[in-house]
Every structure is written in structure tokens, then in C-alpha cells.
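Novice: Going by the numbering used here, the sequence shown opens with residue 157, and the numbers climb by one from there. One structure, pasted below without further comment.
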Amino acid sequence: MAGEFRKTADNLIEKIIFLCGILSIVFVSLIFIFLFKEGISFFTDFSIFKFIGGRFWYPTSSPPQFGILSLIVGSIFVTAGACIIAVPIGIMTALYISEVAPKWARDILKSLVELMAAVPSVVIGFIGMVTLVPLVKTVFNAPTGLTAFSGSVVLAFMAMPTIVTISEDAIRSVPWQYKEGALALGATKWQTIRRIVLKAAMPGIIAAIMLGIGRVIGETMAVMMVTGNAAQIPNSIFEPVRTMTATIAAEMGETVKGGVHYRGLFAIGLVLFTITFLVNFIADLFLGRSKK
Numbered sequence: 157m158a159g160e161f162r163k164t165a166d167n168l169i170e171k172i173i174f175l176c177g178i179l180s181i182v183f184v185s186l187i188f189i190f191l192f193k194e195g196i197s198f199f200t201d202f203s204i205f206k207f208i209g210g211r212f213w214y215p216t217s218s219p220p221q222f223g224i225l226s227l228i229v230g231s232i233f234v235t236a237g238a239c240i241i242a243v244p245i246g247i248m249t250a251l252y253i254s255e256v257a258p259k260w261a262r263d264i265l266k267s268l269v270e271l272m273a274a275v276p277s278v279v280i281g282f283i284g285m286v287t288l289v290p291l292v293k294t295v296f297n298a299p300t301g302l303t304a305f306s307g308s309v310v311l312a313f314m315a316m317p318t319i320v321t322i323s324e325d326a327i328r329s330v331p332w333q334y335k336e337g338a339l340a341l342g343a344t345k346w347q348t349i350r351r352i353v354l355k356a357a358m359p360g361i362i363a364a365i366m367l368g369i370g371r372v373i374g375e376t377m378a379v380m381m382v383t384g385n386a387a388q389i390p391n392s393i394f395e396p397v398r399t400m401t402a403t404i405a406a407e408m409g410e411t412v413k414g415g416v417h418y419r420g421l422f423a424i425g426l427v428l429f430t431i432t433f434l435v436n437f438i439a440d441l442f443l444g445r446s447k448k
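Written out as C-alpha cells, the structure reads:
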């Protein structure tokens with residue numbers, strides 16, 4: 157009787173999990189269809205090449221200009237800066253936690269990293285606005301601290317938990333026999349980490365980096381608070397920029413539903429969704445390779 161009940165419960169749980177997986181696919185598909193429906197109609201009135209290659213985003217001018225090149229460049233500046241900061245620090249932190257730190261320190265550090273991921277983005281943006289922005293203005297003698305660099309630092313802090321957690325899992329999944337073999341051949345601990353562990357865990361580490369990039373690209377509130385929101389192509393990372401996500405968040409409440417500006421914001425969302433989907437797809441490919 158108990159065995160029959162356990163079998164029924166297992167079958168029920170399996171079906172619930174399967175249903176949840178199907179619902180996730182359905183919800184993502186519906187989001188894409190909604191974005192596509194609202195965004196694609198914009199291109200009946202405005203050329204897609206002018207939209208992506210245009211330098212100026214002046215939706216309320218006469219005639220309106222809907223060029224998102226400055227927004228794309230601003231997103232690239234912020235994302236690239238965040239990756240330059242977060243990737244080396246994140247990988248080194250993951251290596252320390254998995255290979256160097258004693259067990260008591262490992263548990264504490266892992267908990268702290270996971271707590272970092274739980275901090276709301278608006279709180280991180282507010283802290284960056286009142287502490288980081290004045291510091292950047294003073295240290296770099298800039299006209300304003302609301303720059304792409306400030307956004308990069310804030311987003312690096314937000315991407316680091318993802319990079320550290322997934323990289324640490326990939327490093328810990330490297331078979332112990334690889335390390336034993338290297339040590340038996342006379343390699344030092346650092347040589348084993350650098351030449352064996354890192355190379356074996358590299359697919360998982362690259363996947364962690366790609367997922368971190370996806371986290372950075374899709375961030376809205378924090379980056380909107382510290383980058384200055386200037387829709388211009390910057391000459392350096394110490395100038396104000398505006399990202400695609402910040403543009404949607406800042407202007408959606410001011411548009412007329414169904415208007416050209418409204419549909420233009422959905423077109424930005426469609427471009428952003430496509431970029432994020434590609435980044436996550438590449439990360440999944442690397443994760444699959446890591447499991448094999």
C-alpha cells in the first residue's frame with residue numbers, strides 16, 4: 157500500500173514538474189509574440205535600418221527621430237565595463253572559494269555571495285547614486301559622476317553573484333582524479349589550478365560569464381539612476397549614457413498607447429529581447445558542453 161502511494165505521488169510530482177516546464181516555454185513564447193506584435197508594426201512607419209543605425213533618439217521632436225544607435229552604444233559601454241570589472245574578480249573569487257579557502261570560510265563566503273544576489277536593484281542603484289557618483293566625480297575630475305563608468309561599477313556588483321556561483325559549481329565539478337594526477341606528476345597547487353582545473357571548468361565559467369552579461373544587459377533601475385540618461389554616443393566611459401532598458405522605463409509612462417513612440421519603445425524591447433535570448437542561448441550551449 158505504501159509503495160503504491162509513493163509511486164502515485166512520484167508520478168504526480170513528475171507531471172507537475174513537466175507542466176511547469178511547459179508553462180515556462182508558453183509564457184516566454186507569449187512574451188515574444190506580444191513584443192513582436194507591438195514592435196513589428198513600428199517598422200511599417202519607420203525603416204529598421206534607420207531605427208538601428210540612427211544616431212538620434214528624439215521621439216517628441218518634429219519630425220520625430222527614432223535612432224537607437226546611441227542607446228545600443230550606451231548599453232555596450234556599460235555592459236563591457238561591467239564585464240571587465242566583474243569577470244576577473246568573479247572568477248578569482250570562485251577559485252578562492254572552491255580551491256583555497258578553508259571549509260568554514262567557504263561556507264561563509266558562499267552565503268555572502270548568495271545574499272548579494274538578493275539585494276534589490278533599486279537599493280543598489282540608490283547606494284551607487286549617493287556614494288559612487290560623487291566619488292567618481294571627485295576622483296576623475298569629471299563634470300558629473302553620472303557616467304557609463306558608474307553604471308559599469310554598479311552592474312558589476314550585480315553580475316558578480318551569478319558569475320561566482322556558477323563558476324564555483326563548474327570548478328568544484330572537475331573530477332578529483334585530474335588534480336591528483338597533476339599533483340602526482342610534481343605540479344604545484346597553483347599550477348594544478350591554472351593548467352588543469354581552469355581548463356577543465358572553462359565551459360562552465362564561460363557560461364557563467366554569458367549569464368552574467370545577460371543579467372547586466374537586462375538591468376533597468378540601477379543603471380537608470382547612475383548613468384545620467386543622456387541619449388548620445390559617448391566619447392569615453394566617463395560621459396553620461398542612456399541604455400535601452402532605461403529608455404523603455406523612463407518613457408513608457410509618457411507615451412500615447414498605440415502611437416509611433418509607444419510602438420518604438422516596443423521595438424527597442426524586441427531588439428533587447430533578441431540580444432538577451434542570444435546571450436542566454438550561447439550560455440546554454442556552453443553549459444551543455446560542460447555537462448558532457
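Don't be surprised by glycine CBs; every beta carbon is placed ideally from N, CA and C.
Provide the residue(s) that pair with Gly-384 in DSSP beta bridges, ordered along the chain.
Specialist: Paired residues: Val-397.
Novice: Would you kindly check if the distance between the Cβ of Val-182 and the Cβ of Val-289 is under 7 angstroms?
Specialist: Cβ atoms of Val-289 and Val-182: not closer than 7 angstroms.
Novice: Does DSSP put Phe-296 in a helix, in a strand, or in coil?
Specialist: Three-state result, Phe-296: coil.
Novice: To the nearest angstrom, how far is it from the Cα of Ile-349 to the Cα of Trp-213?
Specialist: Approximately 48 angstroms, taken between the alpha carbons.
Novice: Does the region 222-242 come into contact with the region 326-336, if we say contact requires no fewer than three beta-carbon pairs (one atom in each stretch) closer than 8 angstroms?
Specialist: No, they do not touch.
Novice: Quick check: the Cα distance between Leu-441 and Ile-189, rounded to an integer number of angstroms?
Specialist: Rounded to the nearest angstrom, the two C-alpha atoms are 24 angstroms apart.
Novice: If I follow the unbroken alpha helix (DSSP H) through Ser-306, where does it start and stop?
Specialist: Run containing Ser-306: 304-328, per the alpha helix (DSSP H) assignment.
Novice: Return yes when the Cβ of Ser-323 is within less than 7 angstroms of the Cβ of Val-250, no when it is not.
Specialist: For the sequence presented, residue 250 should be read as Ala rather than Val. Cβ distance < 7 angstroms, so Ala-250 and Ser-323 count as in contact.
Novice: Would you mind sorting Ser-392 into buried or exposed? The rule is 16 or more other CB atoms within 10 Å of its CB.
Specialist: Looking at its Cβ environment, which holds fewer than 16 other Cβ atoms inside 10 Å, Ser-392 is exposed.
Novice: Taking all protein chains shown into account, do 16 or more other C-beta atoms lie within 10 angstroms of the C-beta of Ile-247, making it buried, or fewer, making it exposed?
Specialist: Burial call: buried.
Novice: Ordered along the chain, which non-local residues of its own chain (more than five positions away) have a Cβ less than 8 angstroms from that of Gly-209?
Specialist: Same-chain partners within the cutoff: Gly-223, Leu-225.
Novice: Let me make sure I understand the geometry here. Which of Val-397, Lys-193, Thr-200, Ile-424 has the alpha-carbon closest to that of Leu-302?
Specialist: Closest by alpha carbon: Val-397.
Novice: Do you know how far the Cα of Leu-421 is from the Cα of Leu-339?
Specialist: Answer to the nearest angstrom: the Cα atoms are 57 angstroms apart.
Novice: Write down every uninterrupted run of the alpha helix (DSSP H) in the region 221-289 whose length is 4 residues or greater and which is fully enclosed by it, in chain order.
Specialist: Segments of the alpha helix (DSSP H) lying fully in the region 221-289: 225-251, 259-273, 277-283.
Novice: From the DSSP secondary-structure annotation, give me the bridge partner or partners of Trp-213.
Specialist: Its beta-bridge partners are Phe-222.
Novice: Between Gly-307 and the rest of its own chain, which residues show a CB-CB distance below 6 angstroms, the 5 nearest in sequence each way excluded?
Specialist: Hits under 6 angstroms: Val-234, Val-379, Val-382, Thr-383.
Novice: With DSSP as the reference, label Asn-391 as helix, strand or coil.
Specialist: Here Asn-391 sits in coil by DSSP.
Novice: Can you list, in chain order, the residues of its chain whose CB lies under 7 angstroms from that of Ile-352, leaving out five sequence neighbours each side?
Specialist: Cβ within range, chain order: Tyr-334, Lys-335, Ala-338.
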